[in-house]
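Trainee:
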Amino acid sequence: MKLSHLFFCFYLMFSSSVFAKGITYEVNAIPLPQALNLLYLHVFDKPFMMAPELATDTRLVSFRITPDIDERAFIKRYLGNMNIAIYPRNGIDYIAPFTPKTPPVKRESYLYQPKYRSVEYLSDVLRGQFSGNFNASAQSLGVGNIAPENAVSGSASDFLNRSGDVLVYYGTKDDIQRLQRLLPEIDTITEEVIVSAYVFEVQTTERNGSGLALAAKLVSGKLNIGIGSESGFDNFVRFSTGSLDAFYELFRTDSRFHVVSSPRLRVRNGAKASFSVGSDVPVLGQISYSDNKPIQSIEYRSSGIILSVQPKIRQHLIELSIDQQLSNFAKTDTGVNNSPTLIKRQVNTEVSLADGDIILLGGLAENKVSEAETGFSFLPKNWFTGTSDEDSKTDILIMLQVKKVSR
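Shown next as structure tokens:
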């Protein structure tokens, strides 16, 4: 037993009465179980039971009781600060730890009217940063029409939750203050780009190679723009300099290049935009039955020139998804003769561009073999005549430029 323990025992032994007023006693750095044993043996003189988990408690206690203090109330308050309670039952004190009740966290509602971004975007970005709930409310419905907090993602409630025009957050005051500081940095103007494109149909022969190779040769020869090995690929060439109009004028003056379309699209970051020139052609759809009678449905499918783009704007690059389709319908000779056949050429790719870059994109080719007669026109038809085959190719070439919209 340590010296401080002996001092406490001797001090209590020489005291006249443990409950008499005018007694001063002090404990200094004694393990909790031993301090409780000494208190109940020499101060309270009362039977007690200690919880097993307290018997191995290694915390050291120190306190001093003066004559003007109620000893029992003092010890009860002291142990309460350590999350230990005294439960008197039938003359016995039961001493056991307890888990303090967590006071309810006060929550408040905060409404925010987005300036530039949608409620869906803001809630998706912020949801993982805060412990409260993000909801949406339509102004015409009023604040009371807030979607339920336990809405399941993808459910109808979640759709209502994200389709309003007012962001509603329910959380603590500290979270609301942090949210107010963060929202102006997130609710910013969405960047936009202008996508300018020309779609050419290129007539080439086997000697000329692909339409992309022919275009690259024209550019390097007449515009004196070099094509590095890192910029050219099988169906993709990028130019970091030059004017889109200059490229267009170069190809327009060449009879092998025919302009099919020249779309201009303005699209915001992450959104999809499409350009379509053509027609919707009725084709046979599914067959359903009503009263055991077959009903043939008719579906309309688009054909013509369809260009779809989706930019993702970064600080230094623009990631662009491109979907280009040229299609037409032809009469079906086999199979379902009553429904036309869709003939299409399509390219779907993703490229990374700097602001203002120009790209040439190929890969949509159609080969044709033409047969021609050779001979002398002044001789009879079968004299010294023959035939020759010539391979011709039709390439679809996309020339495209992406520029950020200045603000």
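Residue numbers (mature numbering (1 follows the signal peptide of the UniProt record, and there is no 0)): -20 to -1, 1 to 387.
Ideal Cβ positions, reconstructed from N, Cα and C, are used throughout, including at glycine.
State the beta-bridge partners of residue 333 as determined by DSSP.
Mentor: Its beta-bridge partners are 298.
Trainee: For residue 7, which beta-bridge partners are listed by DSSP?
Mentor: 43, per the DSSP bridge assignment.
Trainee: Straight-line CA distance for residue 99 to residue 146?
Mentor: Cα-Cα distance, rounded: 7 Å.
Trainee: Hey, out of 97, 329, 48, 57, whose CA is closest to residue 166's CA?
Mentor: Ranking the options by Cα distance to residue 166, first place goes to 97.
Trainee: To which residues does DSSP link residue 171 through a beta bridge?
Mentor: Its beta-bridge partners do not exist; DSSP assigns none.
Trainee: Considering only the beta carbon of each residue, do residue 43 and residue 67 sit closer than 7 Å?
Mentor: Taking 7 Å as the Cβ cut-off, residue 43 and residue 67 do not qualify as a contacting pair.
Trainee: Check this for me: beta carbons of residue 90 and residue 156, under 7 Å apart or not?
Mentor: Contact: yes.
Trainee: Count the CB pairs spanning the segment 285 to 296 and the segment 269 to 277 that are closer than 8 Å, and state whether there are at least three.
Mentor: Flag = no, the segment 285 to 296 and the segment 269 to 277 do not touch.
Trainee: Note down, in chain order, each residue of its chain lying with its Cβ closer than 6 Å to the Cβ of residue 380, except the 5 sequence neighbours on either side.
Mentor: Hits under 6 Å: 177, 339.
Trainee: With DSSP run on the structure shown, which of helix, strand or coil describes residue 260?
Mentor: Looking at residue 260 - three-state DSSP - the assignment turns out to be strand.
Trainee: What residue range does the alpha helix (DSSP H) around residue 103 cover?
Mentor: Residue 103 -> alpha helix (DSSP H) spans 99 to 106.
Trainee: Based on Cα-Cα distance, which residue from 151, 265, 331 lies nearest to residue 86?
Mentor: That would be 151, whose Cα lies nearest to the Cα of residue 86.
Trainee: Determine the direct distance from the alpha carbon of residue 179 to that of residue 260, and round the result to whole angstroms.
Mentor: Their backbone Cα atoms lie some 21 Å apart in a straight line.
Trainee: Just the C-alpha distance for residue 184 and residue 263, rounded to the nearest angstrom, thanks.
Mentor: For residue 184 and residue 263, the distance between alpha carbons rounds to 33 Å.
Trainee: Let's see if you can read the secondary structure: which residues bound the alpha helix (DSSP H) around residue 225?
Mentor: 224 to 232 is the span of the alpha helix (DSSP H), which, as asked, contains residue 225.
Trainee: Between the alpha carbons of residue 114 and residue 270, how many angstroms are there, rounded?
Mentor: Residue 114 and residue 270: Cα-Cα distance of roughly 47 Å.
Trainee: If you draw a straight line from the C-alpha of residue 388 to the C-alpha of residue 196, how long is it?
Mentor: Within the shown structure, residues of the chain are numbered from -20 to 387, placing residue 388 beyond reach of any answer.
Trainee: Go ahead and pull the three-state DSSP assignment for residue -10.
Mentor: Because the pLDDT of residue -10 is 47, which lies under 50, any placement of that residue in the model is unreliable, and the question is left without a value.
Trainee: Between which two residues does the beta strand (DSSP E) holding residue 73 run?
Mentor: Here the beta strand (DSSP E) through residue 73 covers 72 to 77.
Trainee: Which residues in the same chain have their Cβ closer than 6 Å to the Cβ of residue 121, if we skip the five residues on either side of it in sequence?
Mentor: Low confidence applies here, because residue 121 scores a pLDDT of 38, under 50, leaving its location unreliable; read the following figure in that light. Around residue 121: no qualifying Cβ.
Trainee: Kindly list the residues whose CB is nearer than 7 Å to the CB of residue 7, restricted to its own chain and excluding five residues on each side of it in sequence; keep chain order.
Mentor: The answer, listed in chain order, is -13, 15, 41, 42, 43.
Trainee: Would you mind giving the Cβ-Cβ distance between residue 331 and residue 302, rounded to the nearest angstrom? I have them listed as a contact below 8 Å.
Mentor: That pair is a contact at about 7 Å.
Trainee: How close, in whole Å, do the beta carbons of residue 281 and residue 170 come, if the pair is a contact with beta carbons under 8 Å?
Mentor: Contact flag wrong, Cβ pair sits at about 33 Å.
Trainee: Does DSSP put residue 86 in a helix, in a strand, or in coil?
Mentor: Looking at residue 86 - three-state DSSP - the assignment turns out to be coil, as it is neither helix nor strand.
Trainee: Among residues of its own chain, excluding the 5 on either side of residue 384, which ones have a beta-carbon nearer than 6 Å to its beta-carbon?
Mentor: Once the five neighbours on either side are set aside, the close Cβ partners of residue 384 are 173, 335.
Trainee: If you draw a straight line from the alpha carbon of residue 1 to that of residue 47, how long is it in whole angstroms?
Mentor: Here residue 1 scores only 47 on pLDDT, less than 50, and its place in the model is too uncertain to base an answer on.
Trainee: Is residue 375 buried or exposed, if buried means 16 or more other CB atoms sit within 10 Å of its CB?
Mentor: Residue 375 should be labelled buried.
Trainee: For residue 251, which option in 222, 290, 228, 266 has the closest C-alpha, if you only look at C-alpha atoms?
Mentor: Cα-wise, what sits closest to residue 251 is 290.
Trainee: Helix, strand or coil: how does DSSP classify residue 374 here?
Mentor: Of the three classes helix, strand and coil, the one that applies to residue 374 here is strand, per DSSP.
Trainee: Taking only three categories from DSSP, how would you classify residue 67?
Mentor: Note: residue 67 maps to strand in three-state DSSP.
Trainee: Could you tell me the distance, in whole angstroms, from the CA atom of residue 217 to the CA atom of residue 382?
Mentor: One C-alpha to the other measures close to 14 Å.
Trainee: For residue 243, count neighbouring C-beta atoms within 10 Å of its own C-beta (all shown protein chains included) and say buried if the count is 16 or more, exposed if not.
Mentor: Buried: at least 16 other Cβ atoms inside 10 Å.
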